[in-house]
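In full-length UniProt numbering, the protein residues as written are 1 to 261. Read through the structure below, which is laid out as structure tokens, and then see the notes.
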Ligand SMILES: Nc1ncnc2c1ncn2[C@@H]1O[C@H](COP(=O)(O)OP(=O)(O)OP(=O)(O)O)[C@@H](O)[C@H]1O
Ligand SMILES: [Mg+2]
């Protein structure tokens, strides 16, 4: 999950996919690459001995299996925790990025069906490292004035890392989040995105529902939140999970080709 802009829903989509995976009994690892560590907070792992920052130190002192913690959501969802110290990895002081640090760390993962990487609001080194390690990249945006420019910057970053470091990487699609069906502005911005990116814009969009933030506040997956809005969003995340799994598995490129709208 990536975007340059903050607060558009990267963490919410990561958590929604993790909850969908858990509901299907898939073994899922959430890698929190954000120094804000919001995903870690919501997933509330019991005991965190080491974080993503330790694993990415590059000296192999801490392996991913040393650092993985079972989430408060239960056994199928594990967390590689984020922490504020990750911030300096976003801007390596010597200017020489180790673009494959995340990929190297993840190579030690066993018995996992899905790895979700939650990126910080930046297209700097941590996000580029995540892209170098991924099979599929989900761009997240809100249907607002800067959505088009923001999506383009994120897709450009995906393309640059694909060409330079990771030919398996595919832009899995653009999630349009916090959509309000009654807003003419949102409809206009969505149409603008569809005109520019066509099948990359994932159908359906993700609506604004208070259940998303309420479940996070309670440290629960939205799939376990008891409201009609939560059930609606959970159904959408189940669909997104299928699309992401097939995009990551097939290497066949944008997955929503031919989707009706
Ligand atoms: N579809 C939604 N409906 C209602 N609230 C939402 C929705 N998506 C996200 N939010 C809320 O919006 C806020 C920002 O979302 P989130 O933390 O997922 O964004 P982010 O892109 O990860 O932010 P950052 O760039 O800071 O990491 C959170 O409080 C979240 O609960
Ligand atoms: Mg976030």
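Even glycine gets a Cβ: it sits at the ideal position worked out from N, Cα and C. Remember, predicted model here, so these are calculated numbers, not experimental data.
Using the beta-carbon count (16 or more within 10 Å), is residue i buried or exposed?
i, result
"residue 50", "buried"
"residue 167", "exposed"
"residue 60", "exposed"
"residue 47", "exposed"
"residue 128", "buried"
"residue 185", "exposed"
"residue 246", "exposed"
"residue 89", "buried"
"residue 221", "buried"
"residue 110", "exposed"
"residue 160", "exposed"
"residue 170", "buried"
"residue 228", "exposed"
"residue 262", "Residue coverage of the chain in this structure runs from 1 to 261, which leaves residue 262 outside it and unanswerable."
"residue 92", "exposed"
"residue 195", "exposed"
"residue 188", "exposed"
"residue 39", "buried"
"residue 18", "buried"
"residue 226", "exposed"
Is the Cβ-Cβ distance between residue i and residue j less than 7 Å?
i, j, result
"residue 141", "residue 132", "no"
"residue 126", "residue 1", "no"
"residue 83", "residue 37", "yes"
"residue 179", "residue 205", "yes"
"residue 35", "residue 87", "yes"
"residue 58", "residue 98", "yes"
"residue 262", "residue 72", "The question about residue 262 has no answer here: the residues shown for the chain are numbered 1 through 261."
"residue 136", "residue 248", "yes"
"residue 85", "residue 32", "no"
"residue 4", "residue 123", "yes"
"residue 29", "residue 105", "no"
"residue 158", "residue 130", "no"
"residue 216", "residue 13", "no"
"residue 108", "residue 164", "no"
In this structure, what does DSSP give as the bridge partners for residue i?
i, result
"residue 174", "139 and 201"
"residue 115", "29"
"residue 179", "207"
Where does residue i fall in DSSP's three states?
i, result
"residue 31", "strand"
"residue 160", "helix"
"residue 84", "helix"
"residue 246", "helix"
"residue 102", "helix"
"residue 257", "Because the pLDDT of residue 257 is 32, which lies under 50, any placement of that residue in the model is unreliable, and the question is left without a value."
"residue 150", "helix"
"residue 124", "coil"
"residue 55", "helix"
"residue 78", "strand"
"residue 222", "helix"
"residue 169", "coil"
"residue 15", "helix"
"residue 70", "strand"
"residue 190", "helix"
"residue 4", "coil"
"residue 110", "coil"
"residue 65", "helix"
"residue 232", "helix"
"residue 50", "coil"
Using a Cβ-Cβ distance under 7 Å, would residue i count as near chain B?
i, result
"residue 186", "Going by chain labels, chain B is absent from the structure shown, which holds only one protein chain."
Fill in: Meets three-Cβ-pair contact criterion under 8 Å: the segment 170-177 and the segment 141-158
yes
Discussion item. Below 8 Å, how does it come out for the segment 113-121 and the segment 52-68: are there three or more Cβ pairs, yes or no?
Written reply: no
Worksheet item: Are three or more beta carbon pairs between the segment 25-45 and the segment 74-89 nearer than 8 Å?
Response: yes
Discussion item. I'd like to know if the segment 233-241 and the segment 197-217 are in contact, where contact means that at least 3 CB-CB pairs between them fall below 8 Å.
Written reply: yes
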